[in-house]
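The numbers in UniProt numbering rise by one with no breaks, and the one at position 36 of the sequence shown is 36.
Note that the Cβ used here is the ideal one computed from N, Cα and C, for glycine as well.
Just so you know, these numbers come straight off a predicted model, no measurement behind them.
Notes to accompany the following structure.
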Amino acid sequence: SLRVNLDMGKAAYGWMIMKDDNIPGTVVRTSTIPEELGRLVYLLTDKTGTLTQNEMIFKRLHLGTVSYGTDTMDEIQSHIINSYSQVHSQNSGNSTSSTPSRKPQSSAPKVRKSVSSRIHEAVKAIALCHNVTPVYESLAGVSGETEYAEVDQDFSDENRTYQASSPDEVTLVQWTESVGLTLVSRDLTSMQLKTPGGHILTYYILQIFPFTSESKRMGIIVRDESSGEITFYMKGADVAMSTIVQYNDWLEEECGNMAREGLRTLVVAKKSLTEEQYQDFESRYNQAKLSIHDRNLKVAAVVESLEREMELLCLTGVEDQLQADVRPTLEMLRNAGIKIWMLTGDKLETATCIAKSSHLVSRTQDIHIFRPVTTRGEAHLELNAFRRKHDCALVISGDSLEVCLKYYEHEFVELACQCPAVVCCRCSPTQKAHIVKLLQHHTGKRTCAIGDGGNDVSMIQAADCGIGIEGKEGKQASLAADFSITQFKHIGRLLMVHGRNSYKRSAALGQFVMHRGLIISTMQAVFSSVFYFASVPLYQGFLMVGYATIYTMFPVFSLVLDQDVKPEMALLYPELYKDLTKGRSLSFKTFLIWVLISIYQGGILMYGALLLFESEFVHVVAISFTALILTELLMVALTIRTWHWLMVVAEFLSLGCYVASLAFLNEYFGIGRVSFGAFLDVAFITTVTFLWKVSAITVVSCLPLYILKYLKRKFSPPSYSKLTS
Numbered sequence: 001s002l003r004v005n006l007d008m009g010k011a012a013y014g015w016m017i018m019k020d021d022n023i024p025g026t027v028v029r030t031s032t033i034p035e036e037l038g039r040l041v042y043l044l045t046d047k048t049g050t051l052t053q054n055e056m057i058f059k060r061l062h063l064g065t066v067s068y069g070t071d072t073m074d075e076i077q078s079h080i081i082n083s084y085s086q087v088h089s090q091n092s093g094n095s096t097s098s099t100p101s102r103k104p105q106s107s108a109p110k111v112r113k114s115v116s117s118r119i120h121e122a123v124k125a126i127a128l129c130h131n132v133t134p135v136y137e138s139l140a141g142v143s144g145e146t147e148y149a150e151v152d153q154d155f156s157d158e159n160r161t162y163q164a165s166s167p168d169e170v171t172l173v174q175w176t177e178s179v180g181l182t183l184v185s186r187d188l189t190s191m192q193l194k195t196p197g198g199h200i201l202t203y204y205i206l207q208i209f210p211f212t213s214e215s216k217r218m219g220i221i222v223r224d225e226s227s228g229e230i231t232f233y234m235k236g237a238d239v240a241m242s243t244i245v246q247y248n249d250w251l252e253e254e255c256g257n258m259a260r261e262g263l264r265t266l267v268v269a270k271k272s273l274t275e276e277q278y279q280d281f282e283s284r285y286n287q288a289k290l291s292i293h294d295r296n297l298k299v300a301a302v303v304e305s306l307e308r309e310m311e312l313l314c315l316t317g318v319e320d321q322l323q324a325d326v327r328p329t330l331e332m333l334r335n336a337g338i339k340i341w342m343l344t345g346d347k348l349e350t351a352t353c354i355a356k357s358s359h360l361v362s363r364t365q366d367i368h369i370f371r372p373v374t375t376r377g378e379a380h381l382e383l384n385a386f387r388r389k390h391d392c393a394l395v396i397s398g399d400s401l402e403v404c405l406k407y408y409e410h411e412f413v414e415l416a417c418q419c420p421a422v423v424c425c426r427c428s429p430t431q432k433a434h435i436v437k438l439l440q441h442h443t444g445k446r447t448c449a450i451g452d453g454g455n456d457v458s459m460i461q462a463a464d465c466g467i468g469i470e471g472k473e474g475k476q477a478s479l480a481a482d483f484s485i486t487q488f489k490h491i492g493r494l495l496m497v498h499g500r501n502s503y504k505r506s507a508a509l510g511q512f513v514m515h516r517g518l519i520i521s522t523m524q525a526v527f528s529s530v531f532y533f534a535s536v537p538l539y540q541g542f543l544m545v546g547y548a549t550i551y552t553m554f555p556v557f558s559l560v561l562d563q564d565v566k567p568e569m570a571l572l573y574p575e576l577y578k579d580l581t582k583g584r585s586l587s588f589k590t591f592l593i594w595v596l597i598s599i600y601q602g603g604i605l606m607y608g609a610l611l612l613f614e615s616e617f618v619h620v621v622a623i624s625f626t627a628l629i630l631t632e633l634l635m636v637a638l639t640i641r642t643w644h645w646l647m648v649v650a651e652f653l654s655l656g657c658y659v660a661s662l663a664f665l666n667e668y669f670g671i672g673r674v675s676f677g678a679f680l681d682v683a684f685i686t687t688v689t690f691l692w693k694v695s696a697i698t699v700v701s702c703l704p705l706y707i708l709k710y711l712k713r714k715f716s717p718p719s720y721s722k723l724t725s
């Protein structure tokens, strides 16, 4: 009975969550753990796409000596228009000698380039070094004539959309379009750019090295159709690129500055290759790709031979905006006593900046940035320095975290758990899952992980409760999670309202079902012991079945509609959520109280029936069973905190069913099979004595509990009752 009731209850909670208009699009993918939402202590969240929208806006282009922001993009545009108009006038002027005249430049001594030519190179590199494909909607799509689709395609600028695996790349290509250099088509072997003057430049793609989370960079080798020049372009994270580009004095500093503004940075570099250099590289590259052992290592080694002394072109900064209402939601969760950990693959500065702007770390709080450590001694010193600080947020990188966990796992987790907020940056997906398991193992508290991309799946599946957000990165996270939501702000209502209700209701329902079973067992025990332990069943056949189903099922199950606090209150006072994490609604203490209630009531009902009805002893079954049903219905009424019209219907429906069945089930109301069919006398049931004696037994079994409940609410009211009054 407990199993069935709880499973039906959980299905009902899931249905309520999905039907809640305040959190549209929420999907419950598991019907077994809605109560976990009501007692979370740690929330581990991803950053990109979870706290932020994953919609990028190009903000900054830095060339080392000069930096362009959103208000100075028109200067870049004019430089691009000028430089391309010059190139075209030269080309048309000496079309015959254009190829040789460009060659000797590489051997000439290096002259400091003008700003205009550097902008030209940088924008061209951003327009070429990517994995983006322009897509055009075909006009003849409706008619379905595929042969003419190519002809009918609308190659106008309005009809073009870009597709790529990462939103950063699309933003960069859209930006080059806005300053005048447009990517118009791309296939496996070539891509075409349109200059501001409307000329089409074609580049052949010779090799492409895709982005991986290990290398943190991507490269492409292209050949210019008009001049035959071969260029190797590369872009990637500053950590990966700083060792590859030529020596400079500004890259690290500017990356730090941009990261403090909360921008995501990419470093763009290039290297011109001669035909011989490229042929040599290609033969070695193909050789490496054919090797049977350690193929990946050999291929990487060949590519790395190119990645040396590259010319640094520019640094780009892209902003990822916060999602709607992230700040109030994080504030609410913090007030609810939930500790929030942000696990991200981003740079330390970017992560810290987002943590501040999203109010994950409050303005007044100190932030302790854990210095990078590589050895046991360093970790020990750094942990001691951190131990001296009180109530400050911790920011730590994935590598340092690994070292600390290797040598000082217990100490580190203990210290980190006391922090109001923790930010782990440069985390790999496996590290994210490892952190979740550590928290579960060390604290024994409930954890919840929330993310939006494939890299968060391991963390979501490791946590007690996984929440996925359907975002720009596809549905992997939302399909792997227990709950899927459309925006981060919905998590507030999901936990504060639905988590709270599910936990409280399941606790009440579970204990009530136990009480219902125990009380009838107590009565049977008392009955048998009075009759010299004879093995005579007190209630037969249908009465036993009907007791747990028709007579008490609806009122007991209507407890799933009970709520102690209105949803608005629960959201207004998130502090109420703290009480739930202590697990007091369902503990050994409450269970034992219910056991005592069951034994008390079962004993009273049976003894009462035997004492009051000694003369009409043959009717003991009818009497005790009627009192039992009334007691159960009154106990449900006692447990309910907020009445719902369905609860009232359920109470009266059950009572009605019982009264109606008295007329049909007369053969069951005798003792044993001796009194078969003879003893349910309708005349006896309708007498006043029967009615007052049954009422007396019921009152004795229930009144003390009502009095106790009243006193408890008077002298130690629960925190929520102070708000509802």
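Taking 8 Å as the cut-off, the beta carbon of V560 is found no closer than this to the beta carbon of L634. When the five nearest sequence neighbours on each side are left out, the beta carbons in the same chain lying within less than 7 Å of the beta carbon of K389 are those of D366 and H368, in order along the chain.
Burial state of Q163 is exposed, judged by a 10 Å Cβ sphere holding fewer than 16 other Cβ atoms.
The beta carbons of K216 and V239 sit about 7 Å from each other, so the pair counts as a contact at 8 Å. Assigned with DSSP and collapsed to three states, R160 falls in strand. If you check the CB distance, R505 and D562 come in under 8 Å. In the three-state reduction of the DSSP assignment, G317 falls in the strand class. Secondary structure note for C255: its alpha helix (DSSP H) is the uninterrupted segment L251 to R260. The straight-line gap separating the alpha-carbon atoms of G656 and L360 is approximately 56 Å. For R3, the uninterrupted alpha helix (DSSP H) run begins and ends at L2 to M18, by DSSP.
Membership of T329 in the alpha helix (DSSP H) is indicated by the continuous run V326 to N335.
Taking each of V123, V170, I126 and S116 in turn and checking the Cα distance to T133, the smallest one comes out for V170. Taking a C-beta distance under 8 Å as the contact criterion, V659 and P555 do not qualify as a contact pair. Our two residues, T639 and K709, have alpha carbons roughly 9 Å apart in a direct line. By the Cβ-count criterion, Y532 is exposed, with fewer than 16 other Cβ atoms from all chains shown falling within 10 Å of its own Cβ. Around the beta carbon of L313, a 10 Å sphere encloses 16 or more other beta carbons of the protein chains shown; the residue is thus reported as buried. The Cβ-Cβ distance between L518 and R39 does not fall below 8 Å.
A contact between stretches requires three or more CB pairs, one per stretch, nearer than 8 Å, and the stretch 49 to 60 meets this requirement with the stretch 319 to 328. Residue ranges of uninterrupted beta strand (DSSP E) with 3 or more members, entirely inside the stretch 353 to 417 and ordered along the chain, are 366 to 369 and 392 to 397. A straight line joining the alpha-carbon of L538 with that of S529 spans about 12 Å. DSSP links G219 through a beta bridge to F209 and M234.
In the structure shown, V423 falls within a strand segment according to DSSP collapsed to helix, strand and coil. Of the other Cβ atoms in all chains shown, fewer than 16 fall within 10 Å of the Cβ of G228; this residue is therefore exposed. Judged by DSSP in its simplified three-state form, R500 adopts helix. If you check the CB distance, L571 and G492 come in under 8 Å. Under the three-state reduction of DSSP, W341 is assigned to strand. Rounded to whole angstroms, the Cβ separation of G468 and A480 is 6 Å, and the two are in contact under 8 Å.
Segment contact: the stretch 241 to 253 against the stretch 197 to 209, fewer than three CB-CB distances shorter than 8 Å; contact not assigned. When DSSP states are grouped into helix, strand and coil, Q53 belongs to the strand group.
Within its own chain, the residues whose Cβ lies closer than 6 Å to the Cβ of T344, once the five positions on either side in sequence are excluded, are K47, A351 and C425, listed in chain order.
If you ignore the 5 residues before and after E307, its C-beta comes within less than 6 Å of the C-beta of I244, all in its own chain and listed in chain order.
Here the stretch 590 to 603 does not lie against the stretch 538 to 550, with fewer than 3 beta-carbon pairs under 8 Å apart. L439 has its alpha-carbon roughly 10 Å from the corresponding atom of A433. A residue is called buried once 16 or more other Cβ atoms fall within 10 Å of its Cβ, and V649, having fewer, is exposed. Of the candidates K347, A393, Q277 and V326, K347 places its Cα closest to the Cα of N257. Distance between H442 and L405, taken at the CA atoms: about 12 Å.
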